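Here's the structure, in structure tokens; my notes come after.
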Amino acid sequence: MRKSFFVVGFVILALTSSALGTEYQTVDAYKNCIGVRSLNAAYTSNLMPGDTYTVTVDGDAKASMYMDSDYDGVFLYYYDGTAPVHPKMVVVNKGEEHTFVASGSDFYAFLVDKSMKDTADNSGSMTVTITGEPGFREELTVNALFNCIGLFEFGAAKKYLTGGNTYATTVSGTAVTNGDPTGYFDGVCLFYRHISRPYHPILDVLEVGDERLITPHSTGWVFCFLLDETVDAMGNNSGSMLLSFEEETPVEESSWGSVKAMYR
């Protein structure tokens with residue numbers, strides 16, 4: 104039995120010493136924030152403050168001419184009517200519903216791509232349908248070319264990871280807008296592509312307390328950013344968010360399985 108414990112202890116030590124570590128990316132509330140209205144996001148001013156609305160998305164927007172380059176959904180940006188200075192950053196995919204309470208601010212929908220150069224071969228559009236009572240319905244057309252923001256030119260942080268490796272990704276920190284502590288950001292917007300689908304764009308919002316397993320494609324880039332209405336409105340932003348990318352290793356997983364098998 105003492106020999107078994109010695110072996111287990113040795114394996115644990117080896118696994119701990121072989122861990123590949125964690126990489127970090129700071130997302131500044133001003134430097135890495137994108138003004139969506141300034142960059143031609145689709146929007147509406149027709150929502151009534153305090154009313155509840157439901158959003159659905161459909162369409163055929165594509166991020167390139169290649170197969171499997173379809174967008175799954177769109178980014179939304181608005182202020183929550185239950186907390187009027189609290190910004191909301193949301194991704195709604197096709198087939199999903201998102202319900203919210205409107206504030207007195209405008210409601211925005213848009214797509215993103217790596218850069219303005221990369222938006223040139225985008226095609227199609229997404230339709231964002233907003234419904235509410237009594238009988239309210241509005242459709243926003245999000246054009247894959249004209250309502251798509253090139254991230255490289257407009258301040259998104261660009262993190263390079265090792266393509267094909269898997270990272271357990273989390274976010275922490277405090278970033279606020281409107282010069283008000285209650286105007287905090289819930290998380291960070293992400294844009295990347297998966298190793299198994301190199302042309303497929305992934306839009307995501309990672310919130311504090313959540314975790315994503317990200318396996319980037321061969322070039323390894325992940326764009327990270329926050330949102331505001333305009334460039335001018337960013338002037339009172341402060342603080343930052345910190346993304347942690349902890350590398351997962353298949354060797355560790357298989358080795359732990361072997362250790363457990365010793366006691367089955």
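What the sequence shown shows, in our numbering, is residues 104 to 367, in sequence order. Virtual Cβ for every residue (Gly too), placed ideally from N, Cα, C. Since the model is a prediction, treat every value here as computed from it, not as a measurement.
- By DSSP's assignment, N196 forms a beta bridge with G176.
- According to the DSSP secondary-structure assignment, N246 is paired through a beta bridge with S228.
- Separation of G124 and T352 (C-alpha to C-alpha, rounded to the nearest whole angstrom) is 10 Å.
- V274 has L346 as its beta-bridge partners, per DSSP.
- When Cβ pairs closer than 8 Å are counted between the two stretches, the region 339–351 is seen to touch the region 132–148, the count reaching three or more.
- Inter-residue distance for S321 and T155 is about 42 Å (C-alpha atoms, whole angstroms).
- The DSSP-derived three-state label of F239 is strand.
- Collapsing the DSSP output to three states places A145 in a strand.
- Taking a contact to require three or more Cβ pairs closer than 8 Å, the region 310–328 and the region 256–276 qualify as touching.
- Between the C-alpha atoms of F255 and C327 there is a straight-line separation of about 10 Å.
- Across the structure, P319 and Q128 are spaced so that their CA atoms are roughly 15 Å apart.
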